[in-house]
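A.B. asks: Protein chains in written order, with the UniProt record's numbering: chain A, 1 to 499; chain B, 1 to 321.
Pasting in a structure now, in structure tokens, and then I'll have a few things to ask.
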């Protein structure tokens, strides 16, 4: 018996040790300074947004570590940042930027005209991704006129180019940095500290920042591939912010207003039911119109996305100046859908395959659409594809009939004008409107793009199911959260903690 | 056959299995659908760019040449570079291995520490109500998946009581206290389920041992029940326990993959899942190879230990046929 008691004693002692260790709350970091913990779903695959694609890199680094000559404010307007001012020539082809004289990189090196030219040349070199390089297509020459002035000459006027300069394509990196792929180096209020792959990216305050000082000593972007793990981390006080809640039905868990504030804004992510217009039936406008009429988008959004989001009706989110609510172009009307199908010669029915990626909105929206299209006599075979398979079959090989995917890039209406786009959509009138919008005045841009969005909607080029909401959760002592996501950045410069 | 020869034969089998496993893994990962070049380049790449990248990654070379090169590299811990991030795979795996190692080591240790007294108690008191309750509880534990235990532990200790973090990992270099605190819940979730399994074995072994002649002899010369069990029974139990632990280590590896997801631990399991999703084949191959080789090696070691530890087995093996 004595031995048993000793063994039991040992076990109890061990358990007590673990419990004692457990009861010291994980708050030691908070004592050392102001720390901000942000939960995010997508982890960057690299640290250089010029050479590596993916929205997760600018999400963490843009405006925080890297700065641009001009930036987007919370309302989507272009504002000065590293350029104190800029002018453009009467014909809109020569831009002259005057740099902030005080601006310097975290290393202490000045942000001068040479650094800007070097960064821009890198962004249009072969080292850059196709996506970045294409944004520089319109540029002819980049010159340092003097130490603080840069002149960029375009081949033709382009509204798009100045806008693109606010994103990844326009970042100014430190020319003294040795390896931007592992150690990003810019002039922002935060410095890159570390990247623990599979876990987090840590940024620390850049004490030598030329502008308004950073309000946090340390910022951690923590990555969660499982959204449940992210919500429990928030509920257990490990996070201060959830940068974008991927599952809207989880919002209810944050209903305690004494602890959390929920911000519901709009994102740039259009969930598109795309039609492969090489498919014989889907090349027929009447069939596309019929499908648009047959789907109750409000009911779909209510059932698959908890009613969060917005009906848009074309490829434009409400934060763009040329937004117009076109969601009634083809209102829910099964009767009209049946009539259109009959006119198109499909009164005896039609069979189509719907290939959806296994992303949160894919299969659920897919099942809803299968049921609704069955009502009007369209038999839909639902095929669920893992993301890598989707990219291969649908995006690259165009081997599909219909698909659903969220297009999250800002101002991505032009995807319908890209040669070889996966919808096989080609409309000369639409392409011409986009060209005129790019080369005209800012006013022209708005009117022409409004018109272009209407062309897409009338043409039933796709069925815009809904716009993904941007749901941000923060603890009540965090202020300055931007509800609408207008840029690719999770901009830390507007955030502060009350305590 | 001598013990040495038997071990040598098993060693030969081990090497053959390791090689076969590596070939299967390489072939299977190559057969995965989805074009790696397209994934690396994202949704804005041209066909020409994808072809150039495939060429650069050497994906156009013959299968056997790529396999041989990969295996030779793996044998001296060179697993190539990640297709996605362009970083070397070996240091990536090393940093992830640390997390999984502690999770599995502590999970197993805690499971044994809990299972041995619980199992023995359930056996000794099997004719009493308390023994039956303990036995029934461990039966329940058997039915519970580790992730489910994990979710409940998170709800209670992280969300409601806020005593412990719900996930994440801090290296012991950074803070020993934080390191321990972050491991408590995941280790507990793994250990609770493992302890249930192992305690069932302990219970039946103890019941068996207490029915043996030598145990009755010990009792008849004046040893108390627990004294006899401690002195004579445990050594015999240890042998079967060793086998169970070896076998359970393999299931623990799989359980750890899921637990790492639940608790956002940057271990080998979460690395594997992430890499599969991104079609980062170099990483997938390396992690799967290590996991499979670890299981094969554990089984081999248990086998050898069994040969060495159990004198009865050795004697029958050495007896002429």
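A virtual CB, placed ideally from N, CA and C, is assigned to each residue, including glycine.
Quick check: is the beta carbon of residue 266 (chain B) nearer than 8 Å to any beta carbon in chain A?
C.D. replies: Along the second chain, one-based indexing puts residue 266 (chain B) at 266. Yes - at least one Cβ of chain A is within 8 Å of the one on residue 266 (chain B).
A.B. asks: When the cut-off is 8 Å and only beta carbons count, does residue 285 (chain B) lie next to chain A?
C.D. replies: As a position in the second chain, residue 285 (chain B) is number 285, starting the count at 1. It does not; no Cβ of chain A falls within 8 Å.
A.B. asks: Between which two residues does the beta strand (DSSP E) carrying residue 230 (chain A) extend?
C.D. replies: For the purposes of this step, residue 230 (chain A) is identified with residue 230 of the first chain, where counting begins at 1. Unbroken run through residue 230 (chain A) is the alpha helix (DSSP H), 227–235; no beta strand (DSSP E).
A.B. asks: Would you call the CB atoms of residue 227 (chain A) and residue 41 (chain A) closer than 8 Å?
C.D. replies: Taking the first residue of the first chain as position 1, residue 227 (chain A) is located at position 227. Taking the first residue of the first chain as position 1, residue 41 (chain A) is located at position 41. In contact: residue 227 (chain A) and residue 41 (chain A) (Cβ atoms closer than 8 Å).
A.B. asks: Expressed to the nearest angstrom, what Euclidean distance is found between the alpha-carbon atoms of residue 107 (chain A) and residue 99 (chain A)?
C.D. replies: Looking up residue 107 (chain A) in the first chain gives position 107. Looking up residue 99 (chain A) in the first chain gives position 99. Rounded to whole angstroms, residue 107 (chain A) to residue 99 (chain A) spans 18 Å at the Cα level.
A.B. asks: Which chain A residues sit within Cβ distance under 7 Å of residue 274 (chain B)?
C.D. replies: On the second chain, residue 274 (chain B) is found 274 positions in, with the first residue counted as 1. Ordered by position in chain A, the residues that pass the 7 Å Cβ test against residue 274 (chain B) are 198, 225.
A.B. asks: Starting from residue 241 (chain B), follow its DSSP beta bridges and name the residues at the other end.
C.D. replies: Position 241 of the second chain, counted from the start, is the residue given in the question as residue 241 (chain B). Partner(s): none; residue 241 (chain B) has no beta bridge.
A.B. asks: Between A:154, A:408, A:357, which lies nearest to residue 385 (chain A) when the distance is taken from Cα to Cα?
C.D. replies: Within the first chain, numbered from 1, the residue matching residue 385 (chain A) stands at position 385. Nearest option by C-alpha distance: A:357.
A.B. asks: Classify residue 429 (chain A): buried if its beta carbon has 16 or more other beta carbons within 10 angstroms, exposed otherwise.
C.D. replies: Residue mapping note: residue 429 (chain A) aligns to position 429 of the first chain, counting from 1. Under this definition residue 429 (chain A) is an exposed residue.
A.B. asks: I need the boundaries of the alpha helix (DSSP H) containing residue 185 (chain B), first residue and last residue.
C.D. replies: Stepping through the second chain from its first residue, residue 185 (chain B) is reached at position 185. Taken as a continuous stretch (DSSP letters only), the alpha helix (DSSP H) holding residue 185 (chain B) covers 176–210.
A.B. asks: Once DSSP output is grouped into helix, strand and coil, what is the label at residue 263 (chain A)?
C.D. replies: Translated into positions along the first chain, residue 263 (chain A) becomes position 263. Strand.
A.B. asks: My assumption, with CB atoms under 8 Å, is that residue 169 (chain A) sits in contact with residue 123 (chain A). Please give the rounded CB distance.
C.D. replies: Against the first chain, residue 169 (chain A) aligns to sequence position 169. Against the first chain, residue 123 (chain A) aligns to sequence position 123. Confirmed, Cβ separation roughly 5 Å.
A.B. asks: Closer than 8 Å by C-beta to residue 26 (chain A): which residues in its own chain qualify, once you throw out the five before and the five after it? Chain order, please.
C.D. replies: Residue mapping note: residue 26 (chain A) aligns to position 26 of the first chain, counting from 1. At residue 26 (chain A) the pLDDT is 44, less than 50, meaning the model places this residue with poor confidence; the figure from the coordinates comes in the next sentence. Cβ within range, chain order: 238.
A.B. asks: At a CB distance below 8 Å, what residues from the region 234–266 of chain A approach chain B? Give them in sequence order.
C.D. replies: From the region 234–266 of chain A, only 235, 236, 237, 238 have a Cβ closer than 8 Å to chain B.
A.B. asks: How would you write the range of the alpha helix (DSSP H) that residue 301 (chain A) sits in, first residue to last?
C.D. replies: On the first chain, residue 301 (chain A) is found 301 positions in, with the first residue counted as 1. 297–304 is the extent of the alpha helix (DSSP H) around residue 301 (chain A).
A.B. asks: Whose C-beta lies closer than 8 Å to the C-beta of residue 313 (chain A) among residues of the same chain, with five residues either side of it excluded?
C.D. replies: For this step, residue 313 (chain A) is matched to residue 313 along the first chain. Result list for residue 313 (chain A): 325, 326, 327, 328, 329, 457, 464, in chain order.
A.B. asks: Suppose only complete runs of 3+ residues qualify. What are the beta strand (DSSP E) ranges in the region 178–233 of chain A, listed by chain order?
C.D. replies: Taking only runs of at least 3 residues, the beta strand (DSSP E) segments lying wholly in the region 178–233 of chain A are 190–196, 200–205, 218–223.
A.B. asks: May I ask which residues mark the beginning and end of the beta strand (DSSP E) holding residue 466 (chain A)?
C.D. replies: Start at 1 with the first residue of the first chain, and residue 466 (chain A) comes out as number 466. Taken as a continuous stretch (DSSP letters only), the beta strand (DSSP E) holding residue 466 (chain A) covers 462–475.
A.B. asks: Please go through the region 42–93 of chain B and give each complete alpha helix (DSSP H) segment of 4 or more residues, from N-terminal end onward.
C.D. replies: Qualifying alpha helix (DSSP H) stretches, in chain order: 47–56, 63–75.
A.B. asks: Quick check: what's the CA-CA separation for residue 281 (chain A) versus residue 349 (chain A)?
C.D. replies: As a working note, residue 281 (chain A) is residue 281 in the first chain. As a working note, residue 349 (chain A) is residue 349 in the first chain. When rounded, the distance between both Cα atoms is 11 Å.
A.B. asks: Near residue 10 (chain B), what residues of its chain come up, given a Cβ to Cβ distance below 7 Å and the 5 sequence neighbours on each side ignored?
C.D. replies: Position 10 of the second chain, counting from 1, holds the residue named residue 10 (chain B). Within the same chain, residue 10 (chain B) has close Cβ partners 300, 303, 304.
A.B. asks: Over what stretch of residues does the alpha helix (DSSP H) that includes residue 22 (chain B) continue unbroken?
C.D. replies: As a first step, residue 22 (chain B) must be located in the second chain, where it is residue number 22. Element bounds for residue 22 (chain B): 3–31.
A.B. asks: For residue 139 (chain A), which three-state DSSP category applies?
C.D. replies: The residue you call residue 139 (chain A) lines up with position 139 of the first chain. Strand.
A.B. asks: Can you list, in chain order, the residues of its chain with a C-beta nearer than 6 Å to that of residue 321 (chain B)? Leave out the 5 residues immediately preceding and following it.
C.D. replies: Position 321 of the second chain, counted from the start, is the residue given in the question as residue 321 (chain B). With a pLDDT of only 38 at residue 321 (chain B), under the threshold of 50, the placement of this residue in the model should not be trusted; the figure read from the coordinates follows. Around residue 321 (chain B): no qualifying Cβ.
A.B. asks: Do you know how far the Cα of residue 32 (chain B) is from the Cα of residue 433 (chain A)?
C.D. replies: Mapped onto the first chain, residue 433 (chain A) falls at position 433. Mapped onto the second chain, residue 32 (chain B) falls at position 32. Going by the C-alpha atoms only, they are around 43 Å apart.
A.B. asks: Among residues of its own chain, excluding the 5 on either side of residue 7 (chain B), which ones have a beta-carbon nearer than 7 Å to its beta-carbon?
C.D. replies: Numbered from 1 along the second chain, position 7 holds the residue referred to as residue 7 (chain B). Once the five neighbours on either side are set aside, the close Cβ partners of residue 7 (chain B) are 304, 307.
A.B. asks: Along the chain, where does the beta strand (DSSP E) that runs through residue 379 (chain A) open and close?
C.D. replies: If you number the first chain from 1, residue 379 (chain A) lands on position 379. Looking at the DSSP string, the run of the beta strand (DSSP E) that includes residue 379 (chain A) is 378–385.
A.B. asks: So, do the region 97–106 of chain B and the region 266–273 of chain B have three or more beta carbon pairs nearer to each other than 8 Å?
C.D. replies: Yes, since at least three Cβ pairs between the region 97–106 of chain B and the region 266–273 of chain B fall closer than 8 Å, the two stretches touch.
A.B. asks: How big is the Cα-Cα spacing for residue 258 (chain B) and residue 147 (chain B)?
C.D. replies: The count along the second chain starts at 1 and reaches residue 258 (chain B) at position 258. The count along the second chain starts at 1 and reaches residue 147 (chain B) at position 147. Their backbone Cα atoms lie some 6 Å apart in a straight line.
A.B. asks: From the DSSP output, in three-state form, read off residue 88 (chain A) for me.
C.D. replies: Numbered from 1 along the first chain, position 88 holds the residue referred to as residue 88 (chain A). Strand, per DSSP.
A.B. asks: So residue 94 (chain A) and residue 153 (chain A) are in contact, right, with Cβ under 8 Å, and what is the actual spacing, rounded?
C.D. replies: Counted from its first residue, the first chain places residue 94 (chain A) at position 94. Counted from its first residue, the first chain places residue 153 (chain A) at position 153. Residue 94 (chain A) to residue 153 (chain A), Cβ: 5 Å. Contact.
A.B. asks: How many Å lie between residue 346 (chain B) and residue 23 (chain B) at the Cα?
C.D. replies: Outside the displayed span of chain B (1 to 321) sits residue 346 (chain B), for which this structure offers no information.
A.B. asks: Hey, does residue 169 (chain A) have any beta-carbon neighbour from chain B nearer than 8 Å?
C.D. replies: In the first chain, residue 169 (chain A) corresponds to position 169, counting from 1. Not one chain B Cβ lies under 8 Å of residue 169 (chain A).
A.B. asks: Which residue from A:270, A:461, A:207, A:401 puts its Cα closest to that of residue 351 (chain A)?
C.D. replies: Sequence index remark: in the first chain, residue 351 (chain A) carries index 351 (1-based). Of A:270, A:461, A:207, A:401, the residue nearest in Cα terms is A:401.
A.B. asks: Of the residues A:482, A:403, A:486, A:178, which one's Cα is nearest the Cα of residue 241 (chain A)?
C.D. replies: If you number the first chain from 1, residue 241 (chain A) lands on position 241. Checked all of A:482, A:403, A:486, A:178; the closest Cα to residue 241 (chain A) is A:482.
A.B. asks: Which same chain residues end up closer than 8 Å to residue 48 (chain A) when comparing Cβ atoms and leaving out the 5 residues on each side of it in sequence?
C.D. replies: Sequence index remark: in the first chain, residue 48 (chain A) carries index 48 (1-based). Here the set comprises 57, 180, 181, 184.
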